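Participant: Questions regarding the structure given below will be posed in turn.
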Amino acid sequence: MNPVHLHIGLTKTGTSSLQRFLSNERSMLAARGILYPVSGRGRHGTAHHNLFYEISEDQGGHGEFDAALGGWDSVLAEIEEIEGRTAIISSEAFQYCTPRDVEQLANLLGPRPSTMVAYVRRQDQWLESAWNQRARFGRVSLDFREFCETQGRVLGDYARTLSPWIDIFGDRRFDIRVFDRIAEKPGIAADFLAAYVPGGHHPVASRTDVRKNAKAGVKQLVAVDQILYACRAQLGDDFVLPRRSAARISEYFRGRKDRYDYRVLSFDDAVAIREVFRRSNEELARISTSFRESGPFPALQEHEFDAFIDLSNIGTDVFDEEERRFVDRMAREIVKASTLS
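Residue numbering for the sequence shown is 4 to 344, as defined by my numbering.
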């Protein structure tokens with residue numbers, strides 16, 4: 004039976020970049036005896052979400068299984084088509100597996116050699132990146148501390164997320180790698196390639212951009228917040244900013260001078276976050292040899308937070324006149340379109 008590396012793509016750890024590389028470089032990987040299966044993701048997809056949807060205990064909670072994209076029967080058949088090659092399967096959705104889901108997945112893989120892989124990130128940086136991704140679409144307020152209090156405690160608890168996998172597959176078959184140590188150099192694609200693909204280094208992997216979901220600038224975030232506030236004043240507090248509108252705002256400010264070298268948490272905030280997850284990280288080190296041997300997360304340094312900005316109190320004076328007109332116009336257009344629909 005051909006072996007499998009299953010990547011549990013925790014969000015905000017370069018997962019999209021890795022999946023894009025694996026799907027774009029299938030020919031190079033095949034020459035090295037590596038298969039990134041089409042089954043479970045489709046020819047135009049990059050991630051195997053469909054494999055999670057098929058086994059999920061929470062049917063429909065994260066997405067619906069599409070038989071046309073292929074499930075576990077088809078992906079296992081694809082893996083066995085050529086003897087002697089190794090398969091890589093990757094999806095962010097695997098992080099939502101319940102213990103029952105993990106057990107079912109283990110039964111599907113059976114006795115074949117398999118390794119579970121997950122990258123983890125220091126929680127203050129992970130939470131800031133997760134907040135930024137949500138704030139750019141208006142899904143959370145500009146108050147980062149509020150986000151941490153309402154969502155952060157569950158999202159950053161790696162021991163809680165990964166312990167069912169370690170319990171069922173065993174410590175020796177679970178590899179935890181620290182994203183912070185490879186985020187910029189060599190990058191996740193190059194690190195993954197060196198660890199799991201024969202032949203190690205490949206120049207394309209080293210050039211892979213790990214920041215596909217680029218950080219939103221200050222003006223973009225304030226614009227989203229102001230437009231959402233104006234729309235809700237007329238359409239109600241339940242109004243949700245359409246993704247198309249958020250994309251237009253992003254496109255506009257991408258062409259404007261904006262600030263990206265900011266942090267939305269202070270050094271004291273980061274210390275508090277570290278304390279919140281201290282026991283979780285200690286538990287992860289206890290149950291995972293690979294995490295324990297990788298060393299702790301990089302230590303907090305005060306200079307990392309020199310660019311701290313409290314966006315919840317920043318106001319609208321960040322805009323010039325043209326940008327202010329754009330924000331007002333966008334709000335009017337969205338309200339008009341929503342009223343007519």
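Don't be surprised by glycine CBs; every beta carbon is placed ideally from N, CA and C.
Quantities reported herein were computed from a predicted structural model and do not represent experimental measurements.
Closest to His-306 by CA distance: which of Val-227, Asp-264 and Tyr-232 is it?
Facilitator: Comparing Cα-Cα distances from His-306 to each of Val-227, Asp-264 and Tyr-232, the minimum goes to Asp-264.
Participant: If you run the structure through DSSP and keep just helix, strand and coil, what is Ala-143?
Facilitator: In the sequence under discussion, the amino acid at residue 143 is Val, which differs from the Ala named in the question. Val-143: coil per DSSP, three-state reduction.
Participant: Using a 10 Å radius around the Cβ and a threshold of 16 neighbouring Cβ atoms, would you call Ile-85 buried or exposed?
Facilitator: Ile-85 is exposed by the Cβ-count criterion.
Participant: Measure the Cβ-Cβ separation of Lys-222 and Phe-256 and say whether it is below 8 Å.
Facilitator: Cβ distance < 8 Å, so Lys-222 and Phe-256 count as in contact.
Participant: From what residue to what residue does the beta strand (DSSP E) around Ile-91 run?
Facilitator: Segment 89 to 94, the beta strand (DSSP E) holding Ile-91.
Participant: Does the stretch 179 to 198 come close enough to the stretch 19 to 33 that 3 or more CB-CB pairs lie under 8 Å?
Facilitator: The answer is yes - the stretch 179 to 198 touches the stretch 19 to 33, with three or more Cβ pairs under 8 Å.
Participant: If you draw a straight line from the C-alpha of Leu-108 to the C-alpha of His-51, how long is it?
Facilitator: If you take the alpha carbons of Leu-108 and His-51, they lie about 13 Å apart.
Participant: Quick one: what does DSSP say Tyr-265 is sitting in, helix, strand or coil?
Facilitator: Tyr-265: coil per DSSP, three-state reduction.
Participant: Provide the residue span of the alpha helix (DSSP H) that contains Ala-310, from first to last.
Facilitator: Ala-310 -> no alpha helix (DSSP H), and no H or E assigned at all.
Participant: Which same chain residues end up closer than 8 Å to Phe-140 when comparing Cβ atoms and leaving out the 5 residues on each side of it in sequence?
Facilitator: Result list for Phe-140: Val-227, Leu-244, Arg-246 and Ala-249, in chain order.
Participant: If Val-120 and Ile-11 are in contact, beta carbons under 8 Å, what's the gap, nearest whole angstrom?
Facilitator: Contact flag correct, Cβ pair sits at about 7 Å.
Participant: How about Asp-178 and Ser-293: do their beta carbons lie closer than 8 Å?
Facilitator: Yes, the pair counts as a contact, with Cβ atoms nearer than the cut-off.
Participant: Based on DSSP bridge pairs, tell me the residues matched to Met-4.
Facilitator: Per DSSP, none; premise fails for Met-4.
Participant: So, Arg-184 versus Asn-5, is the Cβ gap smaller than 8 Å?
Facilitator: In this structure, Asn-5 does not lie closer than 8 Å to Arg-184 by Cβ.
Participant: Is Pro-40 closer than 8 Å to Ala-90 when the C-beta atoms are compared?
Facilitator: It is a contact, given that the beta carbons lie within the stated cut-off.
Participant: For Ala-96 and Gly-48, which I take to be in contact (beta-carbon distance under 8 Å), what is that distance rounded to the nearest angstrom?
Facilitator: In fact, because the Cβ distance is near 12 Å, the residues do not count as touching under 8 Å.
Participant: Does the Cβ of Gln-304 have 16 or more other Cβ atoms within 10 Å, making it buried, or fewer, making it exposed?
Facilitator: Answer is exposed; the Cβ neighbour count stays below 16.
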